[in-house]
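Start counting the sequence shown at 1; every next residue gets the next number (the UniProt record's numbering).
Note that beta-carbon positions come from the ideal geometry of N, C-alpha and C, so glycine has one too.
See below for the structure under consideration.
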Amino acid sequence: MDVEELLRGIKPLEGQVTAIRTVQETRPREDYADAYVTEVNVKCASKVIKVLDSRFPRDSSQPLSHLRRFAKHNQIPEHLRPLLLREGISPAQTIFVLISPPLPDIDSLQDALSPFAPPNPASEENNNNPSLTFHTIRIPLQPPLTPVQADAWSKSMWPVVYNPAAPRAMIAPPPHILARARDSIQPKAGRYLALAQRVADEAERSGLGRRVGAVVVDPDLEAEATPDNNDNDNGIHWSDAVVAVAGDGRYSRAATGTEETSNPPNQVATTYSPDHEGGPELHALMRAVDLIASKRREDRPGSSATNRPCLTEVERYFLSKSDVDTTAAASTQPTEPNSEFESKESTPIPPPEKYQKTTETSAQPIHTHTETLASASTSTSRIRPRSQGGYLCTDLDVYLTHEPCICCSMGLLLSRFRAVVFPRSGRMVSGGLASEPVVGPVPVEEGQGEDEDKNEDVAEKKDKDDDGSVEREYYGLHWRKELNWRALGFEFVEEQGSGEGSAELGVAFHA
């Protein structure tokens with residue numbers, strides 16, 4: 001098989017890259033709890049805060065910085081004014097303080113805050129033992145996601161502050177980082193996804209796996225690559241940043257002499273049987289991670305390239321692009337009194353560059369000393385070795401033909417990829433990243449009334465329910481805050497009519 005001929009024949013997919021919405025965006029949590037409100041002397045506001053913080057510490061695991069601790073008379077929600085505002089009290093003399101959960105008992109609060117009670121005009125003679133009245137209200141425990149939500153809560157519960165920067169990192173990737181990554185991915189995403197489809201075709205044709213493929217790209221190599229003037233003439237320089245490709249191999253452990261695997265494509269793939277699916281380590285994404293790890297392990301003294309887990313010629317081709325001419329590299333290295341192996345063993349491998357401390361005036365990347373060696377050798381490794389800061393799949397992008405399953409999504413997280421891209425048509429019922437169904441535009445013909453529109457909406461919803469494309473659960477692991485997620489998730493939306501049918505409607509399997 002001529003891999004370079006295959007690369008020349010690849011036509012990029014046409015479409016746009018769009019960010020995957022997170023579960024925090026599509027299913028925002030709205031938790032509420034009870035809180036106390038009481039009226040105190042406005043001149044004692046700072047003292048009230050000191051007493052509350054010292055005697056009744058707030059729960060650090062539940063930050064409530066979005067709630068105003070004090071509210072003036074004109075900031076109180078309309079429905080609370082008859083309850084809180086008293087006649088004869090000047091708005092300039094008092095202010096309302098919020099006591100948030102965990103709530104202490106009323107007697108303790110009365111004892112702590114009674115010195116700051118406002119004067120009672122109805123009984124000025126009995127002001128020696130002033131008392132406070134505590135009212136129970138409902139407050140939102142989560143910060144507002146939009147200014148509209150903040151305004152609604154301020155009018156219905158308690159004054160809320162909207163900070164667009166505070167909750168964003170926990171809800172979704174920061175917009176500037178997301179936009180920068182999308183701009184760098186968009187130009188060649190169609191080519192890489194087309195290559196992933198060809199890798200998937202090869203996996204299916206070999207009978208070793210399902211039609212699923214993965215392509216891993218180093219964006220640093222992509223930025224450094226010389227623009228290919230021959231791309232319009234079916235050049236292959238667009239693939240210079242590809243560090244590894246992998247097809248699905250879930251049937252590769254089966255006995256190769258059986259009838260099922262001797263006549264590819266494998267007939268087992270037409271249905272789903274857990275007994276034949278293998279483990280997630282044989283899925284395309286995890287195999288791509290394994291290929292990169294196997295190349296990194298070859299840096300160890302005494303290791304060889306004979307045990308690479310390649311299954312197809314395409315996989316061998318791209319992994320061979322990371323083979324360095326060791327004799328040329330050795331001739332450029334400075335002479336040391338100790339051997340190369342001894343120096344490697346005695347010198348600990350430093351952490352990756354992105355985790356090293358830097359100052360504002362200077363930065364010392366860990367692979368600076370190897371740049372001259374790399375340029376002097378006849379060929380350099382696309383997979384950065386550990387001696388040059390290579391660590392797992394840090395800062396690499398992966399392009400998939402299908403949405404990864406739960407296990408592969410967790411492997412994606414732990415491998416520290418920078419970004420993951422898959423076509424929207426490759427969404428899977430068992431996929432782990434998406435958090436919402438695809439809602440497409442509904443054409444409306446002229447002359448239809450409102451009643452007809454409603455009937456069409458009901459019929460359309462019924463049709464979608466019947467084909468199973470909407471009514472299902474979504475795991476939504478992408479950027480789920482409980483997982484400390486950092487990989488940026490994107491879907492490739494192909495132009496209308498140019499893509500394949502949705503994978504959700506085919507055989508359900510774990511990709």
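Does the distance from the C-beta atom of residue i to that of residue j stay below 8 Å?
i, j, result
"Leu-13", "Ala-288", "no"
"Cys-393", "Pro-280", "no"
"Leu-6", "Arg-250", "no"
"Leu-477", "Ser-430", "no"
"Leu-84", "Val-37", "yes"
"Val-160", "Leu-64", "no"
"Arg-427", "Glu-403", "yes"
"Ala-200", "Thr-312", "no"
"Tyr-272", "Phe-509", "yes"
"Ala-511", "His-176", "no"
"Arg-69", "Ile-89", "no"
"Arg-210", "Ala-269", "yes"
"Ala-33", "Ile-137", "no"
"Val-51", "Leu-113", "yes"
Find the nearest neighbour of residue i within the set the options, judged by alpha-carbon distance.
i, options, result
"Val-420", "Leu-319, Trp-485, Gly-390 and Asp-34", "Trp-485"
"Ser-252", "Arg-205, Glu-224, Lys-295 and Glu-298", "Arg-205"
"Ile-76", "Asp-107, Pro-119 and Ile-139", "Ile-139"
"Glu-436", "Gln-24, Glu-5 and Asn-74", "Gln-24"
"Pro-187", "Gly-15, Gly-411, Ala-33 and Glu-403", "Gly-15"
"Gln-388", "Cys-408, Ile-89 and Arg-296", "Arg-296"
"Leu-141", "Ser-131, His-135, Leu-132 and Trp-158", "Trp-158"
"Asp-183", "Glu-473, Pro-143 and Leu-488", "Leu-488"
"Ala-223", "Gly-390, Ser-239 and Ala-284", "Ser-239"
"Val-17", "Glu-495, Ser-502 and Val-507", "Glu-495"
"Ile-185", "Asp-151, Pro-164, Pro-91 and Asp-220", "Asp-220"
"Val-438", "Ala-196, Arg-416 and Ser-502", "Ser-502"
Rounding to the nearest angstrom, what Cα-Cα distance links residue i and residue j in this structure?
i, j, result
"Val-42", "Gln-149", "29 Å"
"Gly-247", "Ala-19", "25 Å"
"Leu-319", "Ile-171", "37 Å"
"His-385", "Val-493", "The sequence as given places Pro at residue 385; His does not occur at that position. Approximately 34 Å, taken between the alpha carbons."
"Arg-21", "Gln-93", "48 Å"
"Leu-178", "Trp-479", "12 Å"
"Gln-364", "Ser-381", "Residue placement at Gln-364 is flagged as unreliable, the pLDDT there being 38, under the threshold of 50; the coordinate-derived value follows with that caveat. Distance between the alpha carbons of Gln-364 and Ser-381 is about 22 Å."
"Leu-433", "Val-242", "23 Å"
"Val-458", "Arg-27", "Confidence in Val-458 is poor, its pLDDT being 41 and thus under 50, which makes the residue's placement too unreliable to answer from."
"Pro-274", "Thr-401", "21 Å"
"Arg-424", "Tyr-192", "15 Å"
"His-237", "Leu-208", "29 Å"
"residue 512", "Leu-483", "This structure cannot speak to residue 512, because the chain is shown only from 1 to 511."
"Phe-341", "Ser-294", "Bear in mind that the predicted position of Phe-341 carries a pLDDT of just 38, short of 50, making it unreliable; the figure below should be weighed with that in mind. Their Cα atoms are separated by approximately 19 Å."
"Leu-145", "Ala-254", "51 Å"
"Tyr-474", "Arg-29", "16 Å"
"Phe-422", "Val-212", "11 Å"
"Asn-78", "Lys-481", "One detail in the question is off: residue 78 reads as Glu in this sequence, not Asn. C-alpha separation (whole angstroms): 35 Å."
"Gly-190", "Val-314", "18 Å"
Could you tell me whether the Cβ of residue i comes closer than 8 Å to any Cβ of chain D?
i, result
"Lys-50", "No chain D appears in this structure, which consists of one protein chain only."
Using the rule of at least 16 other Cβ atoms within 10 Å of the residue's Cβ for burial, across every protein chain shown, is residue i buried or exposed?
i, result
"Pro-173", "buried"
"Glu-491", "buried"
"Ile-244", "Before going further, note that residue 244 is Ala rather than Ile in the sequence given. Ala-244 is buried by the Cβ-count criterion."
"Leu-285", "buried"
"Pro-91", "exposed"
"Pro-143", "buried"
Relative to the ligand GDP, is the shortest distance from any of its heavy atoms to the C-beta of residue i smaller than 7 Å?
i, result
"Phe-116", "For the structure depicted, the ligand GDP is absent and the ligand set is empty, with no information on it obtainable."
Are at least three pairs of beta-carbons, each pair with one atom in the segment 397-410 and one in the segment 209-221, less than 8 Å apart?
-> With the rule of 3 Cβ pairs closer than 8 Å, the segment 397-410 counts as touching the segment 209-221.
Does the segment 104-118 come within contact of the segment 62-81, defined as at least 3 CB pairs closer than 8 Å?
-> No, because fewer than three Cβ pairs between the segment 104-118 and the segment 62-81 fall closer than 8 Å, the two stretches do not touch.
Quick one: any contact between the segment 96-108 and the segment 51-58, if contact means 3 or more CB pairs under 8 Å?
-> Yes: the two stretches touch, three or more of their Cβ pairs being nearer than 8 Å.
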